[in-house]
Amino acid sequence: LYSVYSVPNIVLVFFGGVLLDRIGIRAATILFASCVVLGATMVAMGPFLRCYPLMVAGRFVFGIGSESSFVAQNSILSAWFAGHHQEVGLAMGLGTSAGRLGTYLAFGASTWILDTFHLYTAALYFAAALCAFSFLSAVLYFYTDVVAERKSGHTTVMEPATTPSFREVLNFPKAFWLVAIICTTYYSAVFPFQGFSSRFLQEKYGYSLVSAGSITSLVSLSSLVLCPPLGFMVDRIGLRALLVAGGTALLIPSFCWLAFTSWNPIPAYILVGLIFSLVPAALWPSLPVVVPPSQLGAAFGLVSAMINLGLMMSYAAVAQLEELTGCIASGPIFYAGVVTLGATAAVVWNIVDARTGGVANHA
25 LYSVYSVPNI VLVFFGGVLL DRIGIRAATI LFASCVVLGA TMVAMGPFLR
75 CYPLMVAGRF VFGIGSESSF VAQNSILSAW FAGHHQEVGL AMGLGTSAGR
125 LGTYLAFGAS TWILDTFHLY TAALYFAAAL CAFSFLSAVL YFYTDVVAER
175 KSGHTTVMEP ATTPSFREVL NFPKAFWLVA IICTTYYSAV FPFQGFSSRF
225 LQEKYGYSLV SAGSITSLVS LSSLVLCPPL GFMVDRIGLR ALLVAGGTAL
275 LIPSFCWLAF TSWNPIPAYI LVGLIFSLVP AALWPSLPVV VPPSQLGAAF
325 GLVSAMINLG LMMSYAAVAQ LEELTGCIAS GPIFYAGVVT LGATAAVVWN
375 IVDARTGGVA NHA
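First residue of the sequence shown? That's 25 in my numbering, and the numbers climb one at a time after it.
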């Protein structure tokens, strides 16, 4: 069921971004939210109807809406704060924290529901209810945006545009492609590392399952707390490209610490958690700076598609390396290599930015 969600979105999330540019943010947001609630409902009804194909179809529909909703969320924030780069970092930081909180609470709530009702279907119904709330939030956004437009006298969202051609996508600025490479390498290291972390801590350091889970949670919990203030800081000082370069570079010694030493791993995890907050706070607000507003949906969609492809390749590569070497440290070594590519791209981005007016580093 997970692969039905993730594999198609290597491609489909890009077309979701293109569709957003074509029909406008409002309509696309309602469409994607509808897919989310419809897909979640289909998954929840599958066990009740004893229809596994319905669950598979539901996960597919849910995946289309969920991944594209992330594109819509960033496009909404970029449009609302267009021309106000001193605020977009905080806005995206709050959005990131809300997403992290939702994930954290979803896992906790699912466990509590299962322990309380002893029915896994109850957790599916709860998830469908949350998705219905998400759809209502999309409707509320639509209404709020229309009211704001009428009061202000000008549109707060990007108007529907012509669908960008393949040539236009390839002709995105160099800075965009560098940001896309950084996003792909960064998330292809940090996200798989979180999934790999608990087993790594148990096998290398002898932690219990509970202790390993607590240490691993430091990464997500720190980003939940730190993303908004770091986004606010980025709004005030700028230096987006420099902060991204510094953050990705610091991941290299963090992973090497875990791979090559037997030192206490907690400081390395704290550093990864700090970087997991800092880099997104500086990286995502950079896309509206380097891409024209009429193509922002396609840009966010393409980056999301590249991240999904990178995640799939990263999971497969680490599994293959472990099988070949029999060494649990092969994971952090691989992640260090991946973020080295990202740090190199970040250095090149700073050079390109300096030659084109330094917009990414401006406050």
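Heads up, the beta-carbon is just placed ideally off N, CA and C, and yes, glycines get one too. Because the structure is a prediction, the values reported are computed rather than measured.
Here DSSP, grouped into helix, strand and coil, assigns C155 to helix. A straight-line Cα-Cα distance of about 22 Å links L154 and N33. Of all C-beta pairs linking the stretch 241-248 to the stretch 370-385, fewer than three are shorter than 8 Å, placing the two stretches out of contact. Take I276, set aside five residues on each side of it, and the residues of its chain with a beta-carbon closer than 7 Å to its own are A360, V363, T364 and A367, in chain order.
In this structure W308 is buried. Its beta-carbon is surrounded by 16 or more other beta-carbon atoms within 10 angstroms. A residue is called buried when at least 16 other Cβ atoms come within 10 angstroms of its Cβ; E91 meets this threshold and is buried. A292 is positioned such that its CB atom lies no closer than 9 Å to that of C251. Around the beta-carbon of T240, 16 or more other beta-carbon atoms lie within 10 Å, marking it buried. A213 sits away from R223, with the two beta carbons spaced by 9 Å or more. DSSP places K198 inside the alpha helix (DSSP H), whose first and last residues are K198 to F224. Taking a cut-off of 8 Å for Cβ pairs, the stretch 143-161 and the stretch 50-63 touch, as three or more such pairs fall below it. Secondary structure at T168: helix, using DSSP grouped into helix, strand and coil. Under the three-state reduction of DSSP, S232 is assigned to coil, being neither helix nor strand. Inclusion of V95 and D259 in the CB contact set at 9 Å is not warranted, their separation being larger than that value. When the beta-carbon positions are compared, V37 and P216 stay at least 9 Å from each other. Separation of A378 and A384 (C-alpha to C-alpha, rounded to the nearest whole angstrom) is 9 Å. The shortest C-alpha to C-alpha distance from C207 to any of F141, L333, G219 and F159 is the one to L333.
Counting along the chain, the unbroken alpha helix (DSSP H) around F358 starts and ends at S354 to R379.
For the pair of segments examined, the stretch 96-105 was found to touch the stretch 49-57: the number of CB pairs separated by less than 8 Å reaches three.
With respect to the C-alpha of G382, the residue from G321, A322, S232 and L266 having the closest C-alpha is L266. With fewer than 16 other Cβ atoms from the protein chains shown falling within 10 Å of its own Cβ, Y76 counts as exposed. With 16 or more other Cβ atoms from the protein chains shown falling within 10 Å of its own Cβ, L311 counts as buried. Looking from the CA of S102, the closest CA among A329, R74, A353 and V315 belongs to V315. Counting only runs of 4+ residues, the alpha helix (DSSP H) found wholly inside the stretch 29-63 occupies 33-47, in chain order. Looking at G355, A172 and F39, the one whose alpha-carbon comes closest to that of L225 is G355. Contact annotation: R50 and F166 have beta-carbon atoms nearer than 9 Å. Distance from the Cα of V303 is smallest, within the candidate group A283, M330, T120 and G70, for T120. Counting only the Cα atoms, W287 lies some 49 Å from M69. E227: not part of any alpha helix (DSSP H); DSSP gives it neither H nor E.
With respect to the 9 Å criterion, F324 and G41 are classified as neighbours on the basis of their beta carbons. Only buried fits V296, as 16 or more other CB atoms lie within 10 angstroms of its CB.
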